[in-house]
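What follows is one structure encoded as C-alpha coordinates, with my remarks underneath.
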Amino acid sequence: MTADVMVRPELIALDGNARERVAEQIAAKGGYCECCGAKGFDVGGALYLGFLFLDEDRDNYMIALTCRNPDCAKPRTGIVLSGKDFLGDFPQ
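As C-alpha coordinates, then:
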(Lines of atoms letter the chains of each structure in order from A and count residues from 1; the text may use other names and numbers.)
(Lines give C-alpha, C1' and ligand atoms only; values in the text may rest on other atoms or scores of the structure.)
Protein backbone atom coordinates (compact mmCIF):
# COMPACT_ATOMS: atom_id res chain seq x y z
CA MET A 1 0.00 0.00 0.00
CA THR A 2 1.29 3.46 -0.84
CA ALA A 3 1.65 6.21 1.71
CA ASP A 4 -0.90 8.46 -0.03
CA VAL A 5 -3.77 5.98 0.42
CA MET A 6 -6.03 6.74 3.37
CA VAL A 7 -7.20 3.64 5.23
CA ARG A 8 -10.32 3.95 7.34
CA PRO A 9 -9.98 2.60 10.90
CA GLU A 10 -13.33 0.77 10.70
CA LEU A 11 -12.12 -1.42 7.81
CA ILE A 12 -10.91 -4.93 8.57
CA ALA A 13 -7.81 -6.03 6.66
CA LEU A 14 -8.23 -9.50 5.16
CA ASP A 15 -5.43 -12.05 5.02
CA GLY A 16 -4.67 -14.09 1.91
CA ASN A 17 -6.92 -16.97 2.93
CA ALA A 18 -9.91 -14.68 3.51
CA ARG A 19 -9.29 -12.93 0.18
CA GLU A 20 -9.24 -16.31 -1.57
CA ARG A 21 -12.53 -17.30 0.09
CA VAL A 22 -14.08 -14.02 -1.08
CA ALA A 23 -12.86 -14.73 -4.63
CA GLU A 24 -14.41 -18.22 -4.40
CA GLN A 25 -17.73 -16.72 -3.28
CA ILE A 26 -17.68 -14.26 -6.20
CA ALA A 27 -17.02 -17.10 -8.66
CA ALA A 28 -19.71 -19.32 -7.08
CA LYS A 29 -22.27 -16.51 -7.39
CA GLY A 30 -21.27 -15.78 -11.00
CA GLY A 31 -20.00 -12.31 -10.09
CA TYR A 32 -18.80 -9.88 -12.73
CA CYS A 33 -18.12 -6.16 -13.06
CA GLU A 34 -21.36 -4.34 -13.87
CA CYS A 35 -19.46 -1.75 -15.89
CA CYS A 36 -17.23 -3.83 -18.17
CA GLY A 37 -18.26 -7.46 -17.58
CA ALA A 38 -14.84 -8.64 -16.34
CA LYS A 39 -14.78 -11.41 -13.74
CA GLY A 40 -11.45 -10.64 -12.06
CA PHE A 41 -11.33 -8.51 -8.90
CA ASP A 42 -8.76 -7.42 -6.36
CA VAL A 43 -10.24 -7.97 -2.90
CA GLY A 44 -9.85 -5.13 -0.41
CA GLY A 45 -10.90 -4.62 3.19
CA ALA A 46 -14.18 -5.52 4.87
CA LEU A 47 -16.64 -3.25 6.66
CA TYR A 48 -18.86 -4.79 9.33
CA LEU A 49 -22.49 -3.93 8.51
CA GLY A 50 -24.40 -5.69 11.28
CA PHE A 51 -24.53 -2.72 13.63
CA LEU A 52 -24.86 -0.04 10.94
CA PHE A 53 -27.95 -1.10 9.04
CA LEU A 54 -31.10 -2.60 10.54
CA ASP A 55 -31.96 -4.51 7.37
CA GLU A 56 -28.61 -6.38 7.33
CA ASP A 57 -27.96 -9.65 9.12
CA ARG A 58 -25.78 -9.17 12.18
CA ASP A 59 -22.86 -11.08 10.65
CA ASN A 60 -22.79 -9.30 7.26
CA TYR A 61 -19.76 -7.48 5.89
CA MET A 62 -19.28 -5.33 2.79
CA ILE A 63 -16.04 -6.33 1.07
CA ALA A 64 -14.36 -3.83 -1.23
CA LEU A 65 -13.64 -5.05 -4.76
CA THR A 66 -11.67 -3.42 -7.56
CA CYS A 67 -12.09 -4.61 -11.15
CA ARG A 68 -8.78 -5.82 -12.60
CA ASN A 69 -9.62 -4.54 -16.10
CA PRO A 70 -7.39 -1.45 -16.50
CA ASP A 71 -9.85 0.00 -19.04
CA CYS A 72 -12.87 -0.26 -16.72
CA ALA A 73 -14.60 3.13 -16.33
CA LYS A 74 -15.99 2.31 -12.85
CA PRO A 75 -13.63 -0.24 -11.25
CA ARG A 76 -14.77 0.07 -7.61
CA THR A 77 -17.60 -2.03 -6.26
CA GLY A 78 -18.32 -4.39 -3.37
CA ILE A 79 -20.04 -7.56 -2.26
CA VAL A 80 -21.98 -8.29 0.92
CA LEU A 81 -21.09 -11.62 2.52
CA SER A 82 -21.71 -13.32 5.82
CA GLY A 83 -18.63 -13.54 8.01
CA LYS A 84 -18.83 -17.33 8.00
CA ASP A 85 -18.38 -17.28 4.21
CA PHE A 86 -14.90 -15.73 4.26
CA LEU A 87 -13.52 -15.34 7.79
CA GLY A 88 -11.63 -18.45 8.89
CA ASP A 89 -12.07 -17.91 12.63
CA PHE A 90 -15.69 -16.79 12.49
CA PRO A 91 -17.69 -18.21 15.45
CA GLN A 92 -20.20 -20.83 14.32
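Its first residue numbered 3, the sequence shown is counted upward by one per residue in our numbering. Virtual Cβ for every residue (Gly too), placed ideally from N, Cα, C.
Residue i - containing alpha helix (DSSP H), residue span
i: Arg23; result: Gly18 to Ala30
CA nearest to the CA of residue i, picked from the options
i: Lys41; options: Asn62, Asp87, Gln27 and Lys86; result: Gln27
i: Cys69; options: Leu49, Leu51 and Tyr34; result: Tyr34
i: Met64; options: Ala75, Leu51 and Lys76; result: Leu51
i: Glu36; options: Ala15, Gly80 and Ile14; result: Gly80
i: Phe43; options: Lys86, Gly85, Ser84 and Lys76; result: Lys76
i: Lys86; options: Cys38, Ala30, Val24 and Leu67; result: Val24
i: Glu58; options: Val82, Ala20 and Asn19; result: Val82
i: Arg10; options: Glu22, Asp17, Pro72 and Gly47; result: Gly47
i: Val45; options: Gly32, Phe53, Glu12 and Asn19; result: Asn19
Extent of the continuous beta strand (DSSP E) run through residue i
i: Ala48; result: Phe43 to Tyr50
i: Asn62; result: Asn62 to Cys69
i: Arg78; result: Arg78 to Ser84
Nearest-angstrom beta carbon gap, residue j and residue i [assumed within contact, 8 Å]
i: Cys38; j: Asp73; result: 7 Å
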